[in-house]
Amino acid sequence: MPHATYSAYQVAQARTPPSRARASIVGMDSLAPLAHRMPYTAAFPKALGTGLLISTPRPITAELRGEMERFIDEYEHALSRFRADSLVAHIGNAKHGGHFDFPDWAGPLFDLYDALHAATRGAIDPCVGEDLIRLGYDPALSFTVEADAGERLGALHGRAVWGRDVVRSSGTTLVTRSPVHVDFGACGKGYLVDSLGGLLTDSELSRTSHVKSAETTNPTCQSSISDSKRESAAPEFVIDAGGDLLARTNKPIRVALEDPDDPSCAVGVALIGDGAFCASAPSRRHWEVAVNEQTHLAIHHLLNAIDGLPVQQTEAAWVAVQSASFGDYPTAVADGLATALFVADPNELRSVFVFDCATLDADRHATISAGFPGRFF
Numbered sequence: 001m002p003h004a005t006y007s008a009y010q011v012a013q014a015r016t017p018p019s020r021a022r023a024s025i026v027g028m029d030s031l032a033p034l035a036h037r038m039p040y041t042a043a044f045p046k047a048l049g050t051g052l053l054i055s056t057p058r059p060i061t062a063e064l065r066g067e068m069e070r071f072i073d074e075y076e077h078a079l080s081r082f083r084a085d086s087l088v089a090h091i092g093n094a095k096h097g098g099h100f101d102f103p104d105w106a107g108p109l110f111d112l113y114d115a116l117h118a119a120t121r122g123a124i125d126p127c128v129g130e131d132l133i134r135l136g137y138d139p140a141l142s143f144t145v146e147a148d149a150g151e152r153l154g155a156l157h158g159r160a161v162w163g164r165d166v167v168r169s170s171g172t173t174l175v176t177r178s179p180v181h182v183d184f185g186a187c188g189k190g191y192l193v194d195s196l197g198g199l200l201t202d203s204e205l206s207r208t209s210h211v212k213s214a215e216t217t218n219p220t221c222q223s224s225i226s227d228s229k230r231e232s233a234a235p236e237f238v239i240d241a242g243g244d245l246l247a248r249t250n251k252p253i254r255v256a257l258e259d260p261d262d263p264s265c266a267v268g269v270a271l272i273g274d275g276a277f278c279a280s281a282p283s284r285r286h287w288e289v290a291v292n293e294q295t296h297l298a299i300h301h302l303l304n305a306i307d308g309l310p311v312q313q314t315e316a317a318w319v320a321v322q323s324a325s326f327g328d329y330p331t332a333v334a335d336g337l338a339t340a341l342f343v344a345d346p347n348e349l350r351s352v353f354v355f356d357c358a359t360l361d362a363d364r365h366a367t368i369s370a371g372f373p374g375r376f377f
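For the sequence shown, position 154 matches number 154 in full-length UniProt numbering, and the numbering has no gaps at all.
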């Protein structure tokens with residue numbers, strides 16, 4: 001297999017089999033062993049419109065589930081552009097702009113967008129929400145492109161820009177001077193996953209999980225379990241949000257790199273233990289627009305915010321981030337980078353973030369960083 005070196009990345013390039021698809025979403029390919037190790041599953045089917053599953057070795061308490069449901073609702077009320085009552089919707093409807101105060105927990109999310117916007121030279125920008133609406137990915141999901149979209153898409157045509165037309169004030173306050181349609185989808189789902197993971201880590205489940213494990217291993221040592229050890233114990237869990245995965249497990253789990261043309265097949269496999277693994281591809285969120293009777297244009301949601309157009313050169317991206325690399329938000333970082341790889345060189349991103357990745361381009365060539373925890377078939 002030929003190799004090429006791209007600055008910080010040593011990659012292996014290989015043509016995928018013709019029968020395989022060109023994009024994927026992460027999915028667990030070893031459900032039986034996981035179900036044996038973590039037999040309890042809490043489902044949140046409406047979270048962010050796609051749903052998520054939390055697998056644990058012990059059941060989540062009703063109190064913890066209620067706390068999670070309340071946070072999901074608070075999260076969507078702040079950040080979902082598909083809710084008419086959200087803060088994001090208010091920003092888009094504010095005729096003369098204004099000051100919009102977000103919850104304190106949104107601060108690290110905005111920090112991440114600042115970093116991604118700078119690292120991609122503006123190609124990742126929450127203000128891309130306006131472009132998505134013009135292309136038909138609006139709150140009503142009309143999938144109808146506006147007639148003059150081509151003349152108004154992107155920062156190049158005067159669309160609002162993060163940091164200029166949407167300015168941060170006091171950490172979590174966004175200031176605008178006119179209506180701005182923002183979309184936090186590039187990192188938003190991953191950030192929610194991390195937030196729920198934090199609730200799990202801080203929960204009674206964490207302390208119970210550790211204490212039960214110690215008692216089972218050595219019932220005679222119960223009195224030696226210190227309070228500090230009880231408090232610092234981290235539980236095992238897996239959160240699967242349909243393409244965004246956070247795993248805290250003693251033994252790695254296998255995840256499939258899904259074939260979007262045939263979800264029963266995979267183009268590769270990865271092993272994930274303590275960290276986040278996220279995928280991005282247009283295959284599950286795309287639509288066609290008839291230019292004329294002979295021509296149909298394929299549209300998807302992965303845009304370059306500079307020109308506002310769907311990216312064509314990259315078909316799929318997978319990113320692995322270790323928990324230790326980004327503290328409380330590895331999934332948000334992996335989620336954002338999986339999108340950023342469609343519009344930026346991995347080596348430039350590597351100068352800011354620590355991660356490993358694999359990509360699949362339009363010619364069906366795979367590029368894999370040296371530390372990526374998986375392989376293509």
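Glycine residues also receive a C-beta, built at the ideal position from the N, C-alpha and C atoms.
As the structure is a computational prediction, the values presented were derived from the model and not from experiment.
- Under the three-state reduction of DSSP, C127 is assigned to helix.
- Shown here for A119: same chain residues with a beta carbon closer than 6 Å to its own, the five before and five after excluded, namely L349, V352 in chain order.
- For A281 and A266, the gap between their C-alpha atoms comes out near 14 Å.
- Of the other Cβ atoms in all chains shown, 16 or more fall within 10 Å of the Cβ of L79; this residue is therefore buried.
- V88 sits buried, since 16 or more C-beta atoms from the chains shown fall within 10 Å of its C-beta.
- In the DSSP assignment, S55 forms a beta bridge with T41, V238.
- By the neighbour-count criterion, in which a residue is buried when 16 or more other Cβ atoms sit within 10 angstroms of its Cβ, K251 is exposed.
- Beyond the five residues adjoining it in sequence on each side, H90 comes within less than 6 Å, by CB distance, of no other residue in the same chain.
- Looking at A340, A332, S369, the one whose alpha-carbon comes closest to that of L109 is A332.
- Spanning the alpha carbons of T359 and A334 requires a straight line of approximately 13 Å.
- DSSP, read as helix, strand or coil, puts G198 in helix.
- With contact defined as three or more Cβ pairs closer than 8 Å, the segment 235-255 and the segment 315-334 are in contact.
- Membership of E258 in the beta strand (DSSP E) is indicated by the continuous run 244-258.
- In this structure, C127 lies near V180, with their beta-carbon atoms less than 8 Å apart.
- According to the DSSP assignment, F110 belongs to the alpha helix (DSSP H) that extends over 107-119.
- Counting every other CB atom within 10 Å of its CB across the protein chains shown gives A370 a total below 16, marking it as exposed.
- Shown here for E151: same chain residues with a beta carbon closer than 8 Å to its own, the five before and five after excluded, namely H157 in chain order.
- Using a Cβ distance threshold of 8 Å, G374 and L271 count as a contacting pair.
- Per DSSP, the continuous beta strand (DSSP E) segment holding D101 begins and ends at 98-101.
- Our two residues, A276 and A320, have alpha carbons roughly 6 Å apart in a direct line.
- Nearest in C-alpha terms to A43, of all of V238, F355, F143, is V238.
- Of the residues P235, I253, D274, D361, the one whose Cα lies closest to the Cα of Q322 is D274.
- A distance below 7 Å between beta-carbons, with the five flanking residues on each side excluded, links H117 to the following residues of its chain, in chain order: I124, D125, W162, G163.
- G198 sits close to D328, with the two beta carbons spaced by under 8 Å.
- A115 and R70 have their C-alpha atoms roughly 29 Å apart.
- Distance from the CA atom of V193 to the CA atom of G97, rounded to whole angstroms, is 30 Å.
- Counting of Cβ neighbours within 10 angstroms places E315 among the buried residues, the total reaching 16 or more.
- V333 has no beta-bridge partner at all, per DSSP.
- If you draw a straight line from the Cα of S142 to the Cα of P310, it is about 17 Å long.
- Residues of the same chain with a CB within less than 7 Å of the CB of Q312, apart from the 5 flanking positions on each side, are A362 in chain order.
- Comparing C-alpha distances from P59 to each of T50, A35, F82 shows the shortest one belongs to A35.
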